[in-house]
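Single-structure report; data block below.
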Amino acid sequence: MTEALRVSHPGILTTIQDGGRPNAVASGVPAGGAMDRFAHSAANLIVGNDRGAATLECTLTGPRLVAIKPCVIAITGGDLGPSIPMWTAVELAPGDEVAFAGRRSGARAYIAIGGGVMGDRWLGSMSTNLMCARGGMHGRALVAGDVISTGEWHDPPVAGRTLVEQLRPDYANRSLRVIRGPHFARLTHGSQRDLWTAMFTVSPSSNRMGFRLDGAALEAPGDELLSFPLVAGVVQLPSGGQPILLMADHQTAGGYPVVAVVTSASMPVAAQLAPGDELRFEETSIEDALRARAAQRAALESLTS
Amino acid sequence: MPRRRSTIRSPRIRVHPLGDTAVLAELGTRLDTALNTRAIALAAALKKRRDVRQAIAGHASVTVQFDPEQITLDALAAAIRRLATKRPPMEEPGRLHRIPVVYDGPDLDDVTERLSLTRQRVIDLHVRPIYRAFMVGFVPGWAYLGPLADELVLPRRAMPRTQVPAGSVAIAGQQTGIYPLESPGGWHLVGRTAVKLFLPDSDPPSLFRAGDRVKFFAVDA
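In order, the protein sequence lines correspond to chains A and B.
Heads up, the working numbering is the position in the first sequence plus 15, with the first residue counted as 1.
Heads up, the working numbering is the position in the second sequence plus 5, with the first residue counted as 1.
Now the structure itself:
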């Protein structure tokens, strides 16, 4: 493990994230992990890491980082105005600085470093869980003065490796593709129509656990449900009628009706929504969802050939 | 118009898509020990499959995350129905936890009043059964325990509390539970325990596992 970068400014919320801890869910601990799995994987592959290595997830504003040793980094995901080109491997010399000018689009940028970011491992993952104060940088967001360490890097020839624009997710398209949820039929006819036609706004009380959606209040009358385990992407409907889209750190179980579930290929787009952003839901078929998923996999695999 | 995939039905189990990489397999809709035993056995059997990434049992259901590159949703649903109709192996009795409780919760008087029971009767009814941990989840270390004696069944509080202290012992509906962490909550607080439910430095990090048995006993403050 070697010290690679010093944090001179942390940004609003920059955390160490990897693929999460799916096995902790049986104990009620959120699986967690990077919100935008595509951008996270792409950043890693661009610098020659395993796609599951840990990266820095930067929320709304990026950090300011200074290289301690020569390293290769890539920034992907939302455009927070980085000082280096995005989606491309960039070599840093000791003393070089990476900074972010301000958010242009999207909500979360991912910084991968050759060798992979190293953090505390908790229940099989380095992902930061803020609620439990475990994983990543001692269970907390980065602060000024932190030093980012990396694992061993085998110097693959990656300088200039890039993911071309047409292979990146269309983050500007705010139509999230969804599959009908198990309790869709509980929605009143008016609410079924609203689900497909209304614009929803990501409320200010949204975070890595989930996005509360302002807009049409939906009604799904019926008996109380026994709680069941949930997955990221679920659109659940509490009794108040304000839908919640569950994200990476979601509660592991719940008993509210699930009216829709965002497809795996649309989750990276969802992860780039910030409070105040508008979105709508568009119904899709499982076949189309899997086609979109396969296209994203192929885009990532193009980085390993 | 995308083709709508209807819920796959059989008399015993319903498999609903949860997006393109997960399904919810419902064995029933009641709080029932036999259904929960089947759900836990089904989750364990599914977890052994290479095309299944994760299978977690709910009260009467299993949420299955699968790898769509290895199996289609329809083939997985068929496999789930096949596994679910198999007779589950004789369940090992779950580990028994004995939990000391100080019955002085802020809702105890309200509960006794609403149920027209004495304080002692509420306590006696709460400590009498050996509860089953139907499911662990919601927040780290939380377990849904039950079933509660019929005489203690109450709907949730109309106004949930914004902060419930860790260790609070609570009842709602047919269930009881212990808040592992300070959190919001809508259940009726009847007591408290010093036992730690969430063990972040253990693996697994929860004292209770699905299928465990829990017996409360009253202690003085």
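Every residue gets a Cβ at the ideal spot worked out from N, C-alpha and C, and that includes glycine.
Note that the structure is a prediction, hence the values are computed from the model and not measured.
- By the criterion of a C-beta distance shorter than 7 Å, residue 48 of chain B is surrounded in its chain by 60, 61, 62 and 67, once the five residues flanking it on both sides are discounted.
- Annotation note: the region 69 to 153 of chain A contains the following uninterrupted beta strand (DSSP E) runs of length 3 or greater, listed N- to C-terminal: 70 to 74, 79 to 82, 86 to 94, 105 to 107 and 120 to 128.
- Of all residues in the region 219 to 244 of chain A, only 241, 242, 243 and 244 come within less than 7 Å of chain B when Cβ atoms are compared, listed by chain position.
- In the displayed model, residue 27 of chain B falls within a strand according to three-state DSSP.
- Straight across, the Cα-Cα distance linking residue 126 of chain A with residue 35 of chain B is about 47 Å.
- Around the CB of residue 72 of chain A, 16 or more other CB atoms lie within 10 Å, so the residue is classed as buried.
- Going by beta carbons, residue 165 of chain B and residue 190 of chain B fall inside the 8 Å limit.
- Cβ-Cβ distances below 7 Å link residue 256 of chain A to 232, 233 and 234 in the same chain, with the five nearest sequence neighbours on each side left out; the list follows chain order.
- The C-beta distance from residue 146 of chain B to residue 185 of chain B rounds to 3 Å, short enough to fall under 8 Å.
- For chain A, the residues of the region 18 to 34 of chain B that bring a beta carbon within less than 7 Å of one of its beta carbons are 21, 22, 23, 24, 25, 26, 27, 29 and 34, in chain order.
- Between residue 296 of chain A and residue 29 of chain B, the gap from beta carbon to beta carbon reaches 8 Å or more.
- Membership of residue 53 of chain A in the alpha helix (DSSP H) is indicated by the continuous run 52 to 61.
- Counting only residues of its own chain and dropping the five nearest sequence neighbours on each side, residue 119 of chain B has a CB closer than 7 Å to the CB of 159.
- DSSP places residue 21 of chain B in the uninterrupted beta strand (DSSP E) bounded by 19 to 22.
- Between residue 298 of chain A and residue 214 of chain A, the gap from beta carbon to beta carbon reaches 8 Å or more.
- In this structure, the straight-line span from the alpha carbon of residue 67 of chain A to that of residue 318 of chain A is close to 14 Å.
- Nearest in C-alpha terms to residue 21 of chain B, of all of A/266, A/160 and A/199, is A/199.
- Exclusion of the five residues before and after residue 51 of chain B leaves 57, 60 and 69 as the residues of its chain whose Cβ lies within less than 6 Å of its Cβ.
- Secondary structure note for residue 191 of chain A: its beta strand (DSSP E) is the uninterrupted segment 190 to 195.
- Here residue 153 of chain A is exposed: its Cβ has fewer than 16 other Cβ atoms, across all protein chains shown, within 10 Å.
- With respect to chain A, the C-beta atom of residue 175 of chain B has no partner C-beta closer than 8 Å.
- Contact annotation: in the region 56 to 81 of chain B, residues whose CB is within less than 7 Å of a CB in chain A are 58, 59, 61, 63, 64, 65, 66, 68, 70, 73 and 78.
- Here residue 74 of chain A is not near residue 31 of chain A, since their CB atoms are 8 Å or more apart.
- The three-state secondary structure of residue 214 of chain A, taken from DSSP, is coil.
- For the set B/113, B/37, B/140 and B/32, the Cα lying nearest the Cα of residue 85 of chain B is the one of B/32.
- Along the region 178 to 211 of chain B, the positions whose C-beta sits under 7 Å from a C-beta of chain A are 205, 208, 209, 210 and 211, read in chain order.
- Contact check for residue 137 of chain B against residue 151 of chain B passes: the beta carbons are separated by less than 8 Å.
- Under DSSP, residue 238 of chain A takes part in no beta bridge, so it has no partner.
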